[in-house]
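S.K.: My questions all concern the structure below.
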Amino acid sequence: MKPSWHTLQVTPVSPDAPLDGAREGVEMVDVVDENDVVVGRVPRSVMRRERLRHRAVFVLVRNPVGDVLVHRRSELKDVWPGWWDIAIGGVVASGETYDEAARRELWEEAGIEGKPEFVRSGVYEDQEVSLVARCYDIVHQGLVEPVDGEVVEFRWVTPGDLRVLVATERFLPDSLALLGDRLFGA
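Following this line, the structure appears as structure tokens:
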């Protein structure tokens with residue numbers, strides 16, 4: 437059975453526009469240890485280049501009937517460009533709280549205003565990233581519209597259709613590892 441979903445196309449941002457928070461000056465990121473204690477502060481580019489452990493947020497967005505909002509990332513992203521994601525999220529800026537970052541990312545990536553509900557903390561590491569995360573849920577039934585150009589396409593999908601999409605498209609491994617069980621069970 438072919439999955440059905442609602443697709444929202446987004447106008448891509450200019451290739452000259454910097455992404456990932458680097459719009460005004462250098463974005464600073466806190467480096468943390470395995471216990472989430474700040475051990476340093478570096479520019480985001482250094483964090484990426486040296487794969488330093490940092491803080492990140494992930495927000496699972498569902499509508500009132502249980503469909504999940506997934507999105508495809510811009511080809512200009514510094515990690516996993518063009519891949520799909522099950523969560524809105526990103527890197528927590530130096531000095532920013534997790535809750536502040538979750539609300540900021542919701543607004544920047546999807547134009548959603550609201551207070552997401554904390555679900556859990558987690559750690560994720562692979563060859564690309566090393567992070568300590570806080571994960572959130574939010575129910576949203578209004579307009580979804582990106583503000584910062586980091587997202588090029590949205591889809592509302594049923595959990596069943598999401599299984600098909602995850603099996604056929606490239607999805608971010610960190611959000612799947614941290615939140616996949618909330619969508620697909622253990």
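Residue numbers for the sequence shown follow the working numbering, beginning at 437 and rising by one.
Where a beta carbon is used, it is the ideal one built from N, C-alpha and C, also for glycine.
1. Give a yes or no on whether the C-beta atoms belonging to Thr594 and Val504 are separated by under 9 Å.
2. Just to confirm, are Lys551 and Arg539 a CB contact at a threshold of 9 Å?
3. For my contact list, Val587 and Arg509 are in at a C-beta cut-off of 8 Å; report their separation, rounded to the angstrom.
4. With respect to the alpha helix (DSSP H) encompassing Arg618, which residues constitute its N-terminal and C-terminal limits?
5. With DSSP run on the structure shown, which of helix, strand or coil describes Asp535?
6. For the alpha helix (DSSP H) containing Glu589, list its first residue and its last residue.
7. Going by DSSP, what residues sit across from Asp466 in a beta bridge?
8. Where Leu567 and Val467 are concerned, what is the direct C-alpha to C-alpha distance, given to the nearest angstrom?
9. Name the residue from Asn499, Gly558 and Arg491 whose alpha carbon lies nearest to the alpha carbon of Ala537.
10. Looking only at its own chain, which residues have a Cβ that is under 8 Å from the Cβ of Pro517, when we skip the five neighbours before and after it?
11. So is Leu579 buried or exposed if we call it buried at 16+ other beta carbons inside 10 Å?
M.R.: From the atom records:
1. yes
2. yes
3. 7 Å
4. Pro609 to Phe620
5. helix
6. Premise fails: Glu589 lies in the beta strand (DSSP E), Val587 to Val593, not in any alpha helix (DSSP H).
7. Arg477
8. 9 Å
9. Arg491
10. Arg509, Ser510 and Glu511
11. exposed
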